[in-house]
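Here is the structure we will look at, set down as structure tokens.
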Amino acid sequence: MARAHDDHDIREGKTSSGRDTIGEQRYALVRKPKKRIIDGLDLVSRFLTAEGALTDVDPSGFMFGFGWRVCPGRHTADASLWTTIATMLATLEFTLAKDPEGNEIMFEPKYVNGITHQPAIFPCRISPRSHVSKASLERAR
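The sequence shown lines up with residues 0 to 140 when you count with numbering that gives the first Met the number 0.
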């Protein structure tokens with residue numbers, strides 16, 4: 000989020016005369032020059048080494064803000080998202096969609112750019128993992 004200030008300041012040899020807009024570069028923080036994103040689609044490899052191990056890049060340290068402006072609800076947001084994903088993986092089965100003849104529909108992953116970078120809509124099948132899960136989902140309706 001962009002910030003503005005009115006004070007004259009000198010930082011790291013650079014002069015700010017005031018009334019400047021300062022923006023954080025979260026996009027740049029997770030991308031090192033040697034790990035360029037090709038067409039903005041290489042989302043996973045920036046967090047993996049060539050051997051497939053996790054790198055030391057951890058976006059959780061800056062994705063919720065910086066310093067005293069850090070989001071006070073960051074822990075709730077993180078826990079809520081984790082709980083939602085864990086519950087979905089425990090109770091639902093995610094598989095490829097099928098055409099009317101019963102063949103699996105293969106698709107090419109595509110991404111949509113905007114305020115956020117997200118996958119485009121794709122065909123898939125989401126079904127309850129068991130009759131117990133199905134009964135629980137029916138009761139929840």
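C-beta: ideal position from N, C-alpha, C; glycine also.
All values derive from a computational prediction rather than experimental measurement.
Between the CA atoms of residue j and residue i - distance to the nearest angstrom
i: E107; j: S126; result: 22 Å
i: W81; j: A49; result: 27 Å
i: P71; j: F93; result: 33 Å
i: S79; j: R128; result: 22 Å
i: K133; j: R68; result: 43 Å
i: R84; j: D77; result: Per the sequence presented here, residue 84 reads as Ile, with Arg not at that position. Looking at the two C-alpha atoms, the distance is approximately 11 Å.
C-beta atoms of residue i and residue j nearer than 9 Å
i: L95; j: R124; result: yes
i: Y110; j: P122; result: no
i: L136; j: T86; result: no
Neighbourhood of residue i by C-beta, 8 Å cutoff - its chain only, sequence neighbours within 5 removed
i: L47; result: L53 and T54
Any non-hydrogen atom of the ligand HEM closer than 8 Å to residue i Cβ
i: F106; result: Questions concerning the ligand HEM fall outside what the structure shown contains, since it holds no ligand whatsoever.
Backbone secondary structure at residue i - three-state DSSP
i: K133; result: helix
i: T94; result: strand
i: R124; result: strand
Close Cβ partners of residue i (< 7 Å) along its chain, the five nearest in sequence each way excluded
i: E103; result: L95 and K97
Cβ of residue i within 9 Å of any chain C Cβ
i: E100; result: Here there is only one protein chain, and chain C is not present.
Contacts around residue i, its chain only, beta-carbon distance under 6 Å, and the 5 residues preceding and following it disregarded
i: G64; result: C70
Could you pull out every unbroken beta strand (DSSP E) segment of at least 3 residues lying fully inside the region 70 to 114, listed in chain order?
91 to 94
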